[in-house]
Each structure stands twice: as C-alpha cells, then as structure tokens.
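In the working numbering, the protein residues as written are 1 to 628.
This is how it looks when you write it as structure tokens:
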C-alpha cells in the first residue's frame, strides 16, 4: 500500500486524512522535515509515497492527479507531492537536506485575518496560488527535486482547487471555492480525449464516459475492458463469416459495440489514472487485431454466401493500405519528435485552419480515423455486401492516405528543421533492415545525401512490385528482390536525417506487403491469398510491436530477432524464391506462405509477450488523439 505523509500540525475539521485513505494511502503524520525524513526511511524503496501539507484544502481529484498518476516519476500540486519508486532516491536526498523554516510551527494557521477583498474567481484554481504565510514542505521538496534532475509534473487543474491557506479566512474562502466546483463532473469530462474524431466525440464519448465510471466503481481495469473489446470484435468477425444477412447485421452491431468498449478502456484509464505501458500496447495492438480479424471475417462470409465471392485480395489490400498509413504516421512523428527549428508555412496554415471550428471537424473526418472507419464498415456490412464494404474502405483509406501524406511531404519540404540522432535511430529501427541490407550498408558511403535515401527506397520498391506483377511465377521477381535489397541497403547506409527520409520505412512496408499480395493473387493457387493474409498480419504485428516499443522509450525489438526473421529484404527474397520454385506445384506456394507465417508469428509473439509482460518501461498512454 502506498504511504502518504502529512506534514505540519493537524487542522481541526479537516477531511484530508479521509481523502487520502480513499485514494488508497496509508496515512502517517509528522511535524517537520526531520520527521518526514524518518518516515520516508521507514517506507520500502519500491513503494510510492506522497507528502501533503496538513493545511491542504482542495478537490480530491486534484490530489489524485498529483499523487496517483503512474506516468511520471514525480508530480505535484500546491501543498502535495507524489513520488514514484524511481524517484525515491532523489527525494531521500532532498528531504535530508531540507531545513524547516522557524516560523512553520508558529504560524497562526487558524487565527482570523483582517477582512479584505474576496479573491477573484479562479485565483485559487489553475494558477496554483498558495496563500500560506508559512513554509510548505511538499512545495519546497518539489522545487528541490528539480535541481536533482527530477522535475515534478504539474497537472493542469483547470477549475479544480489545490491550495494551502494561511489563516481561517483564506481557509473558508478556499473551501467555498471547492464547494463551487463538482470535481466528479470535471473528472468525467477529462476522462475523454481532448482531441478525437467527430464520430467518437459526438456519438460515443457522451455516454461511454459513464460506462467507464461504472467500470471503475466495480474495480474493472482498462486491460479487462480492452480484452472485452477484442472478444466482442472477434465475435463480430465470426458473425460476418457466416455469410448470411442476419450475420452481417449482427456483425455491424457488435463491431460498434466493440468500438464503444475501445473508447471506454482509455476513458477508464484517464478516469482512474490506471495507466501502464502494457495497457497502451494492448490497446493499440488489439485495435489492429480486431480490424484485421474483421476483414478476414468479411472474406470468409463472402466465400460462404450465396454468391461464393472471393474477396481475399480486397481484404488483404485493405490491411496493407491501413498498415502503410499507420507507418507513415509513425515515421513522420518520430522524425519530427524532437527536431529543432521545427516550423514551416504549411504547419502554420494548418494551425490557422484548426482555429476555425468547422474545418477542424472536416479535416478530422477526411483522414478517416478509427471511429469514422469502423462506423462506415459496420453500416456497410449490415446493408451491403463484403465486396462493396471492402471497396469503399479501400477507396476511402486511399484518399485519406493521399491527403495526409501530401500534407506531411509539403511540411517537410518547407520546414527548416534539424533532426536529432534519436530521430535517425528511430527511423533506422522502423526500417527493419535485415542482414543483407546491413551488409550492403556497411560497404556503402555514409555521408548525408539529401533526398537520395527515399529515392533509392522508391526505386527498389517500384522495381520489385513491377517485376512481381509482370512475372509472378518466374525468376524475374527473385532478381528484382536482389535489386531491392541493394537499394534498401544503400538507402539506410547513412543516418536518416534528410527532410523526406521518414518516407523510407513506409516505402519498405508498401514494397514488402504489396509484393506478397501480388504474388499470392497472381499465383491462382487455392488458399494462397488467405495464407498471404496471415503472413502479412504476422509481419505487421512485428512492425506495430516495434513502433510501440519505441513509443514506450524502450527501443526496438532485440537485434537478434530482426536478424532471425530476415528483415524486410530477407523476407521478400524468401517469398519470391518460394513463388519461383513452387509455382507449378499444387498448393506448394500456399504451404510455403503458411509455414513462413507460422514461424514468423511464433518468433515475434514469444519475444513480444515476454517483453511486454516483464517490461520495466514507464507507463504511457496515448493522449494525442491522432487518428488510429
């Protein structure tokens, strides 16, 4: 159980101790810094601790934000400081050197003060005004922690109150300010992402936040809700696979229900501050698993329906397109994560458009985020056929991809930014180069080359895809795969710090996934497309896993794993060789793709699950509201 240490003399009539216990803290009392140091020494180093001034007056949710958020080593509001185990050593150092002010014990905290004008509305709110006339130990320690390299997070309080009144009159005014604001309403409102899509904002969040509160009051965790969302989507996919109209209608309804739960898990995490690296990874990974399982369900349903329609190529195409869109998002964001001088006229125009209400929602709908996309898929599934559903999805995603990619290219070309070594390393990890490309990169020139890296990647991808389409069963694609590996190695030979180098990873993804799709579709072998769907899904899982490890601050998967699964160029060489060797053998290519998919999925899943279950990465959660 975490420990809260109340510092200073107790205040009659205060409910602070009960508030801290309601947040799960074991409460201890002390009068000064020396006593606080002794109490801290008695608390095991692996436990979270909080220091709160006994005179604190404020909302319980303000305390919750400062004392229980696991994402930050330390967090503080006026009069309260919360410290996670990783910052306990720094806290121990500063508390032993803290010198209590002589007047702290002698402050007449409850003596009436001379009448004066009432504080202006908001004076005790977001600005974090502390009106105490004596020293406030938690505030002093929070300041000292910054000098130790652990700068406490200061949560935005908005209309919430957090203050340490210095006399009875200020205490009464602060209590009135607390009573004037319903912190439960604030807590519910802030459980919703500040930036989200139109459908999610207006059709889901108005009621899903109450589902999140219901879950919190019954002790459910965000990960449990995430798992329920996955199971609901898998049932929806199974309904779509029946190929019947009742099955399609049920699938659409269940897919929307799954999305409601998908929104609820993040809102539950924000409502109860139950953030974790594992939870963020599960949320993002399960979103992809749900969507791709649903595509497979549509393909199975089309084949089992009255028309016996084969739409596996469309299902795989939708998965390839959606995954490549995400890689564009990830690569661009990583390339510009900490770039200096990061501004452009295009970005300034985008910011101006965001200041006009209707353009904000229009632009968020154009990019077809997960809410709009799933709503569209659900309605089309219930009302039309799988073929129409997948075609509309592909066209919509293609238009959204063109819009977002074109905007980011324009930003990059007009931006005067210097990218850091961290950004170059992240792009190299996202490139997923294997032994062949690494060997070529070692002997190539490593000087900066402007736009050469994306041009080489695009040249290799165009060569590979065109040869695979022209001669799917011959050795020409194998030769093209060799040329692609050469271009890939040359592209990553130098650090990826150019203005458009963030395009290199998505070009590699499009080349790999697209080649597998073309070879399977042109092979005209039963089962080749479903097997290719499984292979691309396994590879995409590896690439998403890489993204979320980087986002969590833990770096890419271990290098031995990337080498073991060949890298993107190694997998392409293997698939093109299998297509050439087994083209004339009945089901041979299908079996090869299935074996590749099973082996790769087994390798990446075992390592991924091992890492995320045992990861010591700091807790993270997606607050960007970027389209998923």
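We put the CB at the ideal spot given by N, CA and C, even for glycine.
Taking 9 Å as the cut-off, the beta carbon of residue 90 is found closer than this to the beta carbon of residue 74.
Taking every protein chain shown into account, the CB of residue 395 has fewer than 16 other CB atoms within 10 angstroms, so this residue is exposed. In this structure, the beta-carbon distance from residue 533 to residue 295 falls below 9 Å. If you draw a straight line from the Cα of residue 38 to the Cα of residue 211, it comes to about 43 Å. Secondary structure of residue 80 (DSSP, three-state): strand. The secondary-structure analysis by DSSP pairs residue 153 across a beta bridge with 75. Per DSSP, the unbroken beta strand (DSSP E) holding residue 5 starts and ends at 3-7.
Only residues of its own chain outside the window of five on either side were considered, and among them 3, 49 have a CB closer than 7 Å to the CB of residue 43, listed in chain order. Assigned with DSSP and collapsed to three states, residue 416 falls in coil, not helix or strand. Residue 283 sits in a helix when the DSSP states are folded into three classes. The region 152-168 makes contact with the region 60-69, as at least three CB pairs between them are under 8 Å. In the three-state scheme derived from DSSP, where H, G and I count as helix and E and B as strand, residue 51 is classed as strand.
Taking 9 Å as the cut-off, the Cβ atoms of residue 304 and residue 371 do not count as close. Cβ neighbours of residue 514 within its own chain (closer than 7 Å, five residues either side excluded): 320, 465.
Here DSSP, grouped into helix, strand and coil, assigns residue 162 to strand. A direct Cα-Cα distance of roughly 40 Å separates residue 429 from residue 385. By the C-beta criterion, the region 270-278 is judged not to be in contact with the region 226-242, since fewer than 3 inter-stretch pairs fall below 8 Å.
With a 10 Å radius around the Cβ and a threshold of 16 neighbouring Cβ atoms, residue 606 comes out exposed.
For the 9 Å CB-CB criterion, residue 529 and residue 312 form a contact. Per DSSP, the unbroken alpha helix (DSSP H) holding residue 504 starts and ends at 504-523. Taken through DSSP and simplified to helix, strand or coil, residue 30 comes out as strand. Under DSSP, the beta-bridge partners assigned to residue 57 are 163. In this structure, residue 572 keeps its C-beta atom at 9 Å or more from the C-beta atom of residue 542. Taking C-beta atoms as the reference points, residue 148 and residue 71 fail to come closer than 9 Å. Between the region 316-331 and the region 256-263, the count of Cβ pairs shorter than 8 Å is below three; the stretches do not touch. When secondary structure is reduced to three states using DSSP, residue 193 falls in the coil class, being assigned neither helix nor strand. The C-beta distance from residue 480 to residue 456 rounds to 15 Å, too long to meet the 8 Å contact threshold. Separation of residue 161 and residue 78 (C-alpha to C-alpha, rounded to the nearest whole angstrom) is 9 Å. For residue 545, the closest alpha carbon among the candidates 221, 34, 281, 192 is that of 281. Take residue 511, set aside five residues on each side of it, and the residues of its chain with a beta-carbon closer than 6 Å to its own are 461, 464, in chain order. In its chain, beyond the 5 residues on either side, 215, 261, 264, 265, 268 have a beta carbon closer than 7 Å to the beta carbon of residue 225. Contact check for residue 292 against residue 601 fails: the beta carbons are separated by 9 Å or more.
Residue 231 holds the alpha-carbon nearest to the alpha-carbon of residue 289 among 299, 249, 310, 231. Counting every other CB atom within 10 Å of its CB across the protein chains shown gives residue 609 a total below 16, marking it as exposed.
Counting the other Cβ atoms within 10 Å of the Cβ of residue 207 gives fewer than 16, which makes it exposed.
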